[in-house]
Amino acid sequence: MSIARYTAPAIALHWLVALLIFAAFPLGVYMHDLPLSPTKLQLYSYHKWLGVSVFMLVVLRVIWRATHTPPPLPQGTPQWEITVSHLTHLALYGLMLAVPLSGWLMSSAKGFQTVWFGVLPLPDLVGKDKELGKLLTEVHEALNIILLLLVGLHLAAVIKHRFIDRDTILQRMLPGGRNE
Amino acid sequence: MNKLLSALLLCLASSAGAAEFKQLLPAESSVTFAYKQMGVPMEGRFGKFNAQLSFDPAKLTTAQARLDIALASLDTGVAEADQEAAGKLWFNTAAFPTASFVSSGIKALGGNRYEASGKLTLKGRTLDIVTPVTFSTNGAKGAFDGAFSIRRLDYKIGEGEWADVSAVANEVQIKFHLVVTATPGKK
Numbered sequence: 000m001s002i003a004r005y006t007a008p009a010i011a012l013h014w015l016v017a018l019l020i021f022a023a024f025p026l027g028v029y030m031h032d033l034p035l036s037p038t039k040l041q042l043y044s045y046h047k048w049l050g051v052s053v054f055m056l057v058v059l060r061v062i063w064r065a066t067h068t069p070p071p072l073p074q075g076t077p078q079w080e081i082t083v084s085h086l087t088h089l090a091l092y093g094l095m096l097a098v099p100l101s102g103w104l105m106s107s108a109k110g111f112q113t114v115w116f117g118v119l120p121l122p123d124l125v126g127k128d129k130e131l132g133k134l135l136t137e138v139h140e141a142l143n144i145i146l147l148l149l150v151g152l153h154l155a156a157v158i159k160h161r162f163i164d165r166d167t168i169l170q171r172m173l174p175g176g177r178n179e
Numbered sequence: 000m001n002k003l004l005s006a007l008l009l010c011l012a013s014s015a016g017a018a019e020f021k022q023l024l025p026a027e028s029s030v031t032f033a034y035k036q037m038g039v040p041m042e043g044r045f046g047k048f049n050a051q052l053s054f055d056p057a058k059l060t061t062a063q064a065r066l067d068i069a070l071a072s073l074d075t076g077v078a079e080a081d082q083e084a085a086g087k088l089w090f091n092t093a094a095f096p097t098a099s100f101v102s103s104g105i106k107a108l109g110g111n112r113y114e115a116s117g118k119l120t121l122k123g124r125t126l127d128i129v130t131p132v133t134f135s136t137n138g139a140k141g142a143f144d145g146a147f148s149i150r151r152l153d154y155k156i157g158e159g160e161w162a163d164v165s166a167v168a169n170e171v172q173i174k175f176h177l178v179v180t181a182t183p184g185k186k
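Top to bottom, those sequences are chains A and B. Residue 179 in numbering that gives the first Met the number 0 is what sits at position 180 of the first sequence, and the numbering runs on without skipping anything. Residue 21 in numbering that gives the first Met the number 0 is what sits at position 22 of the second sequence, and the numbering runs on without skipping anything.
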């Protein structure tokens with residue numbers, strides 16, 4: 000039986016964004032407590048560049064998703080699974096936009112403009128404001144914890160489908176096969 | 000009509016000549032700096048500085064200025080960075096508490112534009128600098144405005160790991176806005 004897969008751009012964007020998030024998240028946790036050094040400044044910049052890249056790529060993903068129908072789910076998928084997966088995906092999209100956005104605003108509030116790859120300056124949407132900076136730091140952290148939990152749920156679902164249900168849900172998002 | 004005009008001009012010329020600016024008003028003045036960190040423009044200021052000067056636009060040859068900046072008053076807007084900047088690798092304010100500029104000459108460039116040259120001493124090193132300056136008067140007050148760039152490594156500002164200019168750029172722009180008051184000129 001041939002498996003209906005996502006389109007190649009959708010698969011590429013999914014894994015690229017996943018890779019960037021898996022780099023940016025631990026980097027963000029690690030860099031936070033470092034003493035001030037050139038390395039710290041560099042890591043903060045790399046983290047911010049990764050975050051802006053995630054945001055840009057997710058905007059592309061949302062546009063692609065809105066204009067391309069995903070492959071159908073296996074027949075007999077229970078309604079509750081469909082509902083939960085749709086809600087989880089919706090929340091993941093929202094968080095993949097909201098997490099970088101909160102980081103960008105936090106950075107502006109703390110008085111550090113974001114300059115993508117050190118070349119493209121992003122406007123400061125909020126001015127320098129210590130209290131707002133603290134608040135946005137908490138928002139950025141809270142959103143990341145929710146993102147972490149939802150990614151965990153996403154991965155748990157993959158394991159369930161692959162090893163318990165033994166269906167082809169995961170294959171839909173894997174590269175390599177022919178899209179028939 | 001012509002007489003009136005020449006009388007007016009004379010009046011203006013003599014009033015300008017009578018004004019000698021000597022007293023700095025620190026509260027109305029500012030000395031700020033701008034640099035790039037990982038390509039990101041950053042700004043900071045010095046909170047405490049003082050000047051001894053005598054400046055009469057009509058007598059530039061005798062004009063002189065000395066500006067002293069208390070380096071411990073450096074304010075980047077980030078407490079962690081301020082602490083680091085006071086340390087040995089940066090300004091080493093314990094050993095070198097003051098940066099000073101001593102003028103050696105001022106040249107008229109036309110209008111209210113001038114070029115000031117002098118020596119900047121920072122962290123025990125003294126180098127020649129030249130900066131454009133504009134001078135404008137407002138009632139009894141005058142204001143010097145100008146900006147010039149230095150390379151921080153010329154003064155060993157940021158040693159060791161901080162000598163890496165890819166993190167904190169070498170070029171630092173210093174901007175000054177110095178408000179001074181006129182004292183009646185001695186005739």
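C-beta: ideal position from N, C-alpha, C; glycine also. Everything numeric in this text was worked out from a predicted model, so none of it was measured.
Checking 7 Å against the spacing of the C-beta atoms, do residue i and residue j come in under that value?
i, j, result
"V129 of chain B", "S116 of chain B", "yes"
"V53 of chain A", "P122 of chain A", "no"
"T6 of chain A", "H67 of chain A", "yes"
"K118 of chain B", "V132 of chain B", "no"
"C35 of chain B", "A168 of chain B", "Before going on, a small fix: residue 35 of chain B reads as Lys here, not Cys. Taking 7 Å as the Cβ cut-off, K35 of chain B and A168 of chain B qualify as a contacting pair."
"L59 of chain A", "V16 of chain A", "no"
"T92 of chain B", "A85 of chain B", "yes"
"K122 of chain B", "Y154 of chain B", "yes"
"L146 of chain A", "L94 of chain A", "yes"
"P8 of chain A", "W63 of chain A", "yes"
"L131 of chain A", "A108 of chain A", "yes"
"P37 of chain A", "E114 of chain B", "no"
Among the options, which one has its Cα closest to the Cα of residue i?
i, options, result
"V39 of chain B", "B:G104, B:K106 and B:V164", "B:V164"
"Q51 of chain B", "B:G145, B:I68 and B:E79", "B:I68"
"K133 of chain A", "A:A155, A:L59 and A:M105", "A:M105"
"P96 of chain B", "B:F45, B:L24, B:V132 and B:Q36", "B:F45"
"L88 of chain B", "B:I156, B:T120 and B:N111", "B:I156"
"L40 of chain A", "B:A166, B:L177, B:A18 and B:F143", "B:A166"
"K188 of chain B", "B:G123, B:Y34, B:A62 and B:W161", "Look at the range of chain B in this structure, 0 to 186, and you will see that residue 188 of chain B is not part of it."
"P120 of chain A", "A:L91, A:Q112 and A:K127", "A:Q112"
"G220 of chain B", "B:V77, B:R150 and B:L59", "No information on residue 220 of chain B is available, as it lies outside the stretch 0 to 186 that chain B covers here."
"E79 of chain B", "A:L33, A:E80 and A:I145", "A:L33"
"S84 of chain A", "A:K159, A:R165, A:I163 and A:P8", "A:K159"
"T136 of chain A", "A:H31, A:G75, A:H13 and A:W79", "A:H31"
"T167 of chain A", "A:F24, A:Q74 and A:A108", "A:Q74"
"S28 of chain B", "B:G104, B:K47 and B:V77", "B:K47"
"T136 of chain B", "B:E158, B:N111 and B:L152", "B:N111"
"L148 of chain A", "A:A90, A:R165 and A:L72", "A:A90"
"L120 of chain B", "B:S72, B:L70, B:M41 and B:S99", "Looking at the sequence shown, residue 120 of chain B is not Leu but Thr. Considering only alpha carbons, the answer is B:S99."
"M41 of chain B", "A:V150, A:I144 and A:K127", "A:K127"
"D164 of chain A", "A:P70, A:A65, A:T76 and A:I20", "A:T76"
"V51 of chain A", "A:V118, A:P71, A:A65 and A:P70", "A:V118"
"L70 of chain B", "B:T125, B:V30 and B:Q172", "B:V30"
"R124 of chain B", "B:G104, B:R151 and B:A146", "B:R151"
If I measure Cβ to Cβ from residue i and keep anything under 8 Å in the same chain, skipping five residues before and after, which residues do I get?
i, result
"I10 of chain A", "R4, M172, L173 and P174"
"L26 of chain A", "L42, Y45, H46 and L49"
"S13 of chain B", "Residue placement at S13 of chain B cannot be trusted, given a pLDDT of 46 that sits under 50; what the coordinates show is reported in the next sentence. Same-chain partners within the cutoff: there are none."
"L142 of chain A", "L94, A97, V98 and S101"
"F20 of chain B", "L52, S53, F54, D55, G141, V179, T180, A181 and T182"
"H13 of chain A", "Y5, R60 and M172"
"A146 of chain B", "T130, P131, Q172, I173, K174 and F175"
Under 6 Å Cβ to Cβ from residue i, same chain only, skipping five residues before and after it: list those, please.
i, result
"V138 of chain A", "S101"
"A64 of chain B", "L52 and S102"
"W103 of chain A", "T113"
"D144 of chain B", "T133 and H176"
"V43 of chain B", "Before going on, a small fix: residue 43 of chain B reads as Gly here, not Val. Result list for G43 of chain B: F32, D74 and T75, in chain order."
"E158 of chain B", "L88"
Excluding the 5 residues preceding and the 5 following residue i in the sequence, name in chain order all residues of the same chain whose CB lies nearer than 7 Å to its CB.
i, result
"W48 of chain A", "W115 and F116"
"A22 of chain A", "L49"
"L152 of chain A", "T87"
"A15 of chain B", "In this prediction, A15 of chain B has a pLDDT of 48, which is less than 50 and means its spatial position is unreliable; nothing more can be read from the coordinates."
"E201 of chain B", "Because chain B here runs from 0 to 186, residue 201 of chain B falls outside it and cannot be looked at."
"V61 of chain A", "Y92"
"N49 of chain B", "L23, P25 and D67"
"V157 of chain A", "L169"
"F162 of chain A", "none"
"P70 of chain A", "A3, R4, Y5 and R171"
"L124 of chain A", "L104 and S107"
Chain-ordered residues of the region 31–55 of chain A with a beta carbon less than 7 Å from chain B: L35, S36, P37, L40, Q41 and S44
*If you measure beta-carbon to beta-carbon, which residues of the region 92–119 of chain A are closer than 7 Å to chain B?*
G110, F111, Q112, V114, G117 and V118
- Item | Cβ-based contacts, 7 Å cut-off: residues of the region 19–46 of chain B near chain E | Protein chains A and B are contained in the structure displayed, whereas chain E is not.
- request: Report the residues of the region 133–164 of chain B with a CB closer than 8 Å to any CB of chain A, ordered along the chain.
  value: E160, W161 and D163
Determine, using beta-carbon pairs with one atom in the region 168–185 of chain B and one in the region 134–151 of chain B, whether at least three such pairs fall under 8 Å. yes
Residues in the region 104–126 of chain B with C-beta within 8 Å of chain A's C-beta atoms, listed in sequence order?
none
Residues, ordered as in the chain, of the region 124–153 of chain A that lie near chain B by beta-carbon distance below 8 Å: K127
Could you please tell me which residues of the region 71–97 of chain B, in chain order, have their CB closer than 9 Å to any CB of chain A? T75, G76, V77, E79, A80, Q82 and E83
To be precise: take each residue of the region 165–178 of chain B, compare its Cβ to all Cβ atoms of chain A, and keep it if any distance is under 9 Å. Which residues remain?
S165, A166 and V167
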